[in-house]
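J.: Numbering (my numbering), first residue to last: 31 to 480.
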Ligand code: UDX
Ligand code: UDX
C-alpha cells in the first residue's frame, strides 16, 4: 500500500485528500498540519471547512484510509508521495511587499521534508506558487548528503470553494507538470495514476513544470479579469439605462465568449484571485515587463473600485449621512456555500460603513465566526446576528454582499416591516427580484441597472 501525505489541512488540502482517499482505497492518505486545533476539528463532527458534501466524504473514509494528525516528521518518513498545500499569502514586508508571494512556509516545509526523509520521494506542489518555485524546492531537497532523490511535480488545484466536492469529483481537467527527463516523467505518471482512478485520461493534462505553475496563476487572472471587465461596464449601464444582466446574457451566448464568470457583482473575493494576480504583477515587474504588470494590476484595482463605488451609491441614497444608523450587511462570506471570508468584498463594505460611523449589523449563514475574527479590532462597533430578520430590525438599509440562496427566499414583506423607513436594499449580487421589492415599498438598487 502506497502512502500519500498532505502537509497543510486547509480549504485545498482537506477536501482534495478526502476525495483521493475515497476514490483510491489502495492508498493510505494522511493529512498533517502544524495547527493542532485544526486537526482536532478534522477529526471531529464539526469540520473546520464548510463545503457541501464534504462531511459525507470525510466520514466515509476517515479512520479507514484517511487520517489526520500533527506528527509531521514521522508522517514524512513513511510517505511515498507528499503533497504540499500550505498557504502562500502575499508578502507583507520587504521586497515585493503587497504583491509577491510569501514563500516562507513552502521553504520551511521543504526543509522539514528533507530533514525527516530517509528514502526517495515525490513532492507535489499543490499550493499556488509563482512560476519557478519548484527550482528552489529542488535546490533545497536535492542538496542532501543522504544519497536520496526527490522529484518535484506541480499539480495545482482548480477547485472553487462552495463546489469543491463536485469540482474534485468531476474536474474539467487535472494538470500535472514535471521535468521531461526519465525520472521526472515517471513522477508525473505516478501522480496521473492516482487521478486516473476516477478522472478520464484525456482530462489529465501533463506539461512541463513551469507551464503548470504558471497556468494556475493565469487561470485565476483570466477569471478575475472577466469579472472586472463586466463590473467596469456595470457602471456604464447605470449611467445609460442599459442592464448588465441582459448584456452578460447577450454576450455570453457568443460561444467564443461563453456564459460563465460574467455575473456583475459588488466585487470578487476569495483567497486566490487578488493574491494570484498581484503575484503575476510582481512576476511581470521582476521580468522587466511593466506594461503587462500594469495591465493585470488594473483587474485588482477595478475590483476594489467596484466595492467602494457601491458603498458610495448607497451613501448618496441615504442623504450622504449614515452616522449612527444601523446598516444591515447580508452575507459576509466571499461567496455562497462557504464559511470562508478571505478577501470578501463584505469586509471592505463593513470598513467603509465604519469610516462613515454607521453601525453595521452582519448576518450570514456560515461565516459569522470568521467575520468576528476578521473584525476583532472593532467588535464593539459591529453587531453579528444569526437571524436575518433580527439583523434587518431598525436598519435603514440592507447591503446584500453574498449570494446565499436563502436571502432570495426571505419573507421580504416581513423584512420591510421591521426596517426603519424609507427602507433601502442594495443587491450587490443581483439575485433579488427588484420589481417585487419595489412593490412592497423598498427603494431598490442593484449592480449595473439604472
Ligand atoms: C492555501 C493557499 O491559500 C492557496 O493559494 C494554495 O493554493 C493552497 O494553500 P488553503 O488551503 O485555502 O489554500 O489555505 P489554508 O486554509 O490557509 O490552509 C493552509 C494550511 O497549511 C493551514 O491549516 C496551516 O496551518 C497549514 N500550514 C501552514 C502547515 O501545516 N505548515 C506550515 O508551515 C504552514
Ligand atoms: C477560484 C477559482 O475559480 C478556482 O479555480 C481556483 O482554484 C481558486 O480560485 P474560488 O476563489 O473558490 O475559486 O471562487 P470563485 O467561484 O472563482 O469565485 C471568486 C469570486 O468571484 C467570488 O467572490 C464570486 O462571488 C465572484 N464572482 C464569480 C463574481 O462576482 N461573478 C462571477 O461571475 C463569478
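Backbone N, C-alpha and C fix where the C-beta goes; we use that ideal spot for every residue, glycine too.
Predicted model, so just to flag it, every value in this text is computed and none were measured.
(1) Run the proximity test for residue 251: is its beta-carbon closer than 7 angstroms to any non-hydrogen atom belonging to ligand 2?
(2) Once you ignore the five residues that flank residue 170 on each side, which residues in its own chain have a CB closer than 8 angstroms to its CB?
(3) Looking at the strands, I want to know which residues DSSP matches up with residue 473.
(4) Give the residues whose C-beta lies closer than 5 angstroms to at least one heavy atom of ligand 2, in chain order.
(5) Given residue 334, which residues of its chain have a CB within under 8 angstroms of its CB, disregarding the five upstream and five downstream residues?
(6) How should residue 156 be labelled, buried or exposed, when 16 other C-beta atoms within 10 angstroms of its C-beta is the threshold for buried?
(7) Check whether the Cβ of residue 135 lies closer than 7 angstroms to any heavy atom of ligand 1, and answer yes or no.
(8) Consider the C-beta atom of residue 204 and the heavy atoms of ligand 1; say whether any pair is separated by less than 7 angstroms.
(9) Decide if residue 255 is buried, meaning its Cβ has at least 16 other Cβ atoms within 10 Å, or exposed.
(10) CB-CB under 8 angstroms to residue 233, same chain, minus the five flanking residues each way: which ones, in chain order?
(11) Would you say residue 245 touches ligand 1, meaning its beta carbon is less than 7 angstroms from a heavy atom?
(12) In whole angstroms, what is the alpha-carbon distance linking residue 105 and residue 372?
(13) Considering only the beta carbon of each residue, do residue 96 and residue 47 sit closer than 8 angstroms?
(14) Taking all protein chains shown into account, decide if residue 317 is buried (16 or more other Cβ within 10 angstroms of its Cβ) or exposed.
(15) Select from 362, 360, 326, 322 the residue whose C-alpha is nearest the C-alpha of residue 304.
(16) Would a C-beta distance cut-off of 8 angstroms place residue 473 and residue 454 closer than the cut-off?
(17) Is it true that the CB of residue 363 sits closer than 8 angstroms to the CB of residue 396?
(18) Jot down the residue ranges of each uninterrupted alpha helix (DSSP H) in the segment 274–357, minimum 4 residues, whole runs only, in chain order.
(19) Going by C-alpha to C-alpha distance, which of 272, 220, 148, 281 sits closest to residue 176?
(20) Check whether the Cβ of residue 63 lies closer than 7 angstroms to any heavy atom of ligand 1, and answer yes or no.
(21) Please classify residue 279: is it buried, with 16 or more other beta-carbons within 10 angstroms of its beta-carbon, or exposed?
(22) Is it the case that the segment 352–362 contacts the segment 426–438, given that we only count it when at least three CB pairs across the two stretches are under 8 angstroms?
(23) Are residue 481 and residue 38 touching if we call contact CB-CB under 8 angstroms?
(24) State yes or no: is the C-beta of residue 368 nearer than 7 angstroms to some heavy atom of ligand 1?
(25) Could you give the uninterrupted runs of the alpha helix (DSSP H) lying entirely in the segment 76–147, keeping only those of 4 residues or more?
(26) What is the residue span of the alpha helix (DSSP H) that residue 241 lies within?
(27) Compare the Cα-Cα distances from residue 253 to each of 275, 271, 330, 235 and report the closest residue.
(28) Taking the alpha-carbon positions, what's the residue 36 to residue 404 distance?
T.: On the basis of the data shown:
(1) One-based indexing of the chain shown puts residue 251 at position 221. The answer is no for residue 251.
(2) Taking the first residue of the chain shown as position 1, residue 170 is located at position 140. Contacts found: 137, 140, 141, 144.
(3) For the purposes of this step, residue 473 is taken as residue 443 along the chain shown, with counting starting at 1. Note: residue 473 sits in a beta bridge opposite 454.
(4) Result (chain order): 188, 190, 191, 257, 291, 293, 295, 298, 299, 300, 302, 364, 365.
(5) Here residue 334 is taken as the residue at index 304 of the chain shown, counted from 1. Closer than 8 angstroms at Cβ, skipping near neighbours: 297, 378.
(6) Numbered from its first residue, the chain shown carries residue 156 at position 126. Flag for residue 156 reads buried.
(7) Start at 1 with the first residue of the chain shown, and residue 135 comes out as number 105. Relative to ligand 1, the beta carbon of residue 135 is positioned inside 7 angstroms of a heavy atom.
(8) For the purposes of this step, residue 204 is taken as the residue at position 174 of the chain shown. Not one heavy atom of ligand 1 sits closer than 7 angstroms to the Cβ of residue 204.
(9) Reading the chain shown from its first residue, position 225 is the one you call residue 255. Classification for residue 255: buried.
(10) Taking the first residue of the chain shown as position 1, residue 233 is located at position 203. Answer for residue 233: 201, 202, 203, 204, listed in chain order.
(11) As a first step, residue 245 is located in the chain shown; it is residue number 215 there, counting from the start. Between ligand 1 and residue 245, a heavy atom-to-CB distance of less than 7 angstroms is absent.
(12) Indexing the chain shown from 1 puts residue 105 at position 75. Indexing the chain shown from 1 puts residue 372 at position 342. Note on geometry: alpha-carbon atoms of residue 105 and residue 372 lie some 30 angstroms from one another.
(13) Locating residue 96 in the chain shown gives position 66, counting from the first residue. Locating residue 47 in the chain shown gives position 17, counting from the first residue. Yes.
(14) By 1-based counting over the chain shown, the position of residue 317 is 287. Taking a 10 Å sphere around the C-beta of residue 317, we find fewer than 16 other C-beta atoms and assign the residue as exposed.
(15) Numbered from 1 along the chain shown, position 274 holds the residue referred to as residue 304. Per the Cα distances, 326.
(16) Taking the first residue of the chain shown as position 1, residue 473 is located at position 443. Taking the first residue of the chain shown as position 1, residue 454 is located at position 424. Yes; because the gap between Cβ atoms is below 8 angstroms, this pair is in contact.
(17) Locating residue 396 in the chain shown gives position 366, where the first residue counts as 1. Locating residue 363 in the chain shown gives position 333, where the first residue counts as 1. Cβ distance < 8 angstroms, so residue 396 and residue 363 count as in contact.
(18) Within the segment 274–357, the complete alpha helix (DSSP H) segments at least 4 residues long are 274–282, 303–316, 320–347, listed from N- to C-terminus.
(19) Translated into positions along the chain shown, residue 176 becomes position 146. Ranking 272, 220, 148, 281 by Cα distance to residue 176 puts 148 first.
(20) In the chain shown, counting from the first residue as 1, residue 63 sits at position 33. Under cutoff, so the answer is yes.
(21) On the chain shown, position 249 is the one that residue 279 refers to. Note on residue 279: under 16 other CB atoms within 10 angstroms of its CB, so exposed under the neighbour-count rule.
(22) Output reads yes: the segment 352–362 touches the segment 426–438.
(23) As displayed, the chain neither begins before 31 nor continues past 480, which places residue 481 out of reach and without an answer.
(24) Translated into the one-based positions of the chain shown, residue 368 becomes position 338. No - ligand 1 has no heavy atom lying nearer than 7 angstroms to the Cβ of residue 368.
(25) Counting only runs of 4+ residues, the alpha helix (DSSP H) found wholly inside the segment 76–147 occupies 84–91, 102–108, 134–146, in chain order.
(26) Taking the chain shown and counting its residues from 1, the one referred to as residue 241 is at position 211. Element bounds for residue 241: 239–270.
(27) For the purposes of this step, residue 253 is taken as residue 223 along the chain shown, with counting starting at 1. Checking every option, the nearest Cα to that of residue 253 belongs to 330.
(28) Working through the chain shown from its first residue, we reach residue 36 at position 6. Working through the chain shown from its first residue, we reach residue 404 at position 374. Spanning the two alpha carbons is a distance of roughly 27 angstroms.
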